[in-house]
Amino acid sequence: GADVAIGETTFINEVKVNETDRSGFQEAMDVAKGADVVIMVLGEHGFMSGEGRSRTNLDIPGVQDELLKAVYSVNPNIVLVLMNGRPLTIDWEAKNLPAIVEAWHLGSQSGNAIAEVLTGAYNPSGKLPMTFPKSVGQIPIYYNHQSTGRPGPIELVFWSHYIDETNDPVYPFGHGLSYTTFEYSALKASVKKGNRVEVTCTVTNTGKVKGEEVAQLYIHDLVASISRPIKELKGFEKFELEPGASKTLTFLLTDKELGFFDGEGNFKVEPGTFWVMVGTSSQEGV
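This note's numbering numbers the first residue of the sequence shown as 4 and each following residue consecutively.
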């Protein structure tokens with residue numbers, strides 16, 4: 004797909020996944036030196052994912068990470084295309100590379116599809132269905148965990164936190180970038196008849212190109228008879244906006260969204276106070 008969409012390209016032989024052969028490193032570095040942009044496709048073989056296909060670490064397998072850093076040393080203008088079936092620990096990559104495309108394990112037309120994304124022919128709008136940790140030491144890590152107080156934010160507690168890392172993941176649940184940007188504003192909530200809550204929010208395309216966004220609504224039950232997750236996804240909407248255009252979204256929270264099952268398996272809806280957020284991911288919103 005790249006040769007069709009981009010034009011002049013130079014390909015090199017693959018470096019085997021999950022092996023220790025570094026014989027192709029020098030060729031890759033030599034080619035990268037003269038390139039305007041380096042596209043590196045790294046990750047896992049498809050057979051690494053599936054029932055019983057567990058791993059003891061989440062690093063990019065084999066010597067691929069070494070290859071990436073070797074190429075980076077001669078040309079840091081790298082677009083990393085990931086092919087994987089699980090979250091990977093890509094903290095260094097997220098901090099140092101200008102662009103990362105999460106492609107997962109795609110089919111026979113993946114080359115053409117990825118090329119359209121890389122060249123801007125298609126504006127991506129996908130969102131992560133999972134959380135990407137900085138290291139395996141953060142696992143389990145997920146957006147809708149209980150409020151345990153451990154680990155606590157470094158700036159708020161003296162010792163009850165990771166001593167070598169912050170609590171935040173590399174990429175949170177629901178994260179995903181576009182070639183444009185979106186601004187969220189004017190969040191309002193009002194109680195309607197029948198114990199329903201109407202939540203409205205305005206989203207504006209603040210970029211220069213047309214794009215699709217997935218707005219996500221999260222709630223937190225602040226006062227409940229049992230401990231509730233710190234955030235719960237209760238609604239989402241995908242829509243397209245022209246540059247400068249705005250859209251007012253409306254979400255309806257009913258007993259189904261506000262209630263929960265207690266310890267005996269009974270569904271309950273309790274009076275109380277709820278925190279509501281609408282945003283572009285589980286960590287960004289109004």
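Built from N, CA and C at the ideal position, the CB exists for glycine as well. The structure presented is a predicted model; accordingly, all values stated were derived computationally and were not measured.
State the start and end residues of the unbroken alpha helix (DSSP H) segment that holds T122. Here residue 122 refers to the residue found at position 119 when the sequence shown is read from its first residue. Taken as a continuous stretch (DSSP letters only), the alpha helix (DSSP H) holding T122 covers 113 to 122.
Own chain residues within Cβ distance below 6 Å of L252, not counting five before or after: Translated into the one-based positions of the sequence shown, residue 252 becomes position 249. So the qualifying residues of the chain are C204, A218, E240.
Are there three or more Cβ pairs, one per stretch, closer than 8 Å when the segment 47 to 60 is compared with the segment 70 to 83? no
Could you tell me whether the segment 107 to 115 touches the segment 249 to 269, where touching means 3 or more Cβ pairs closer than 8 Å? no
Give me whichever residues DSSP pairs with R199 in a beta bridge. To locate residue 199, count along the sequence shown from 1; it is residue 196. In DSSP, R199 forms a bridge with K195.
At which residues does the beta strand (DSSP E) containing M280 begin and terminate? Here the question's residue 280 lines up with position 277 in the sequence shown. Start and end: 277 to 282.
Give me whichever residues DSSP pairs with D224 in a beta bridge. One-based indexing of the sequence shown puts residue 224 at position 221. Looking at the DSSP assignment, D224 forms a beta bridge with F277.
Every unbroken beta strand (DSSP E) inside the segment 229 to 282 [3 residues or more]: 235 to 244, 249 to 256, 277 to 282
Using the C-alpha atoms, what's the distance from S284 back to A102? In the sequence shown, residue 102 corresponds to position 99, counting from 1. In the sequence shown, residue 284 corresponds to position 281, counting from 1. Answer to the nearest angstrom: the Cα atoms are 18 Å apart.
How about N115: is its C-beta nearer than 8 Å to some C-beta of chain D? Protein chain content of the structure displayed is limited to a single chain, and chain D is not contained in it.
Within 8 Å, strictly: CB atoms of L190 and V281: Indexing the sequence shown from 1 puts residue 190 at position 187. Indexing the sequence shown from 1 puts residue 281 at position 278. For L190 and V281, yes; Cβs fall inside 8 Å.
Using the DSSP secondary-structure output, state which residues sit across from N208 in a beta bridge. Stepping through the sequence shown from its first residue, residue 208 is reached at position 205. Partner(s): F185.
A102: first and last residue of the uninterrupted beta strand (DSSP E) it sits in: As a working mapping, residue 102 is identified with position 99 in the sequence shown. 102 to 105 is the extent of the beta strand (DSSP E) around A102.
Check for me: the beta strand (DSSP E) holding V82 runs from which residue to which? Working through the sequence shown from its first residue, we reach residue 82 at position 79. Note, V82: beta strand (DSSP E), 81 to 86.
Following the continuous alpha helix (DSSP H) through L131, name the residue where it begins and the one where it ends. Within the sequence shown, numbered from 1, the residue matching residue 131 stands at position 128. Segment: none, L131 is in no alpha helix (DSSP H) and carries neither H nor E.
Looking at the unbroken beta strand (DSSP E) that takes in M43, where does it start and where does it end? For the purposes of this step, residue 43 is identified with residue 40 of the sequence shown, where counting begins at 1. M43 -> beta strand (DSSP E) spans 41 to 46.
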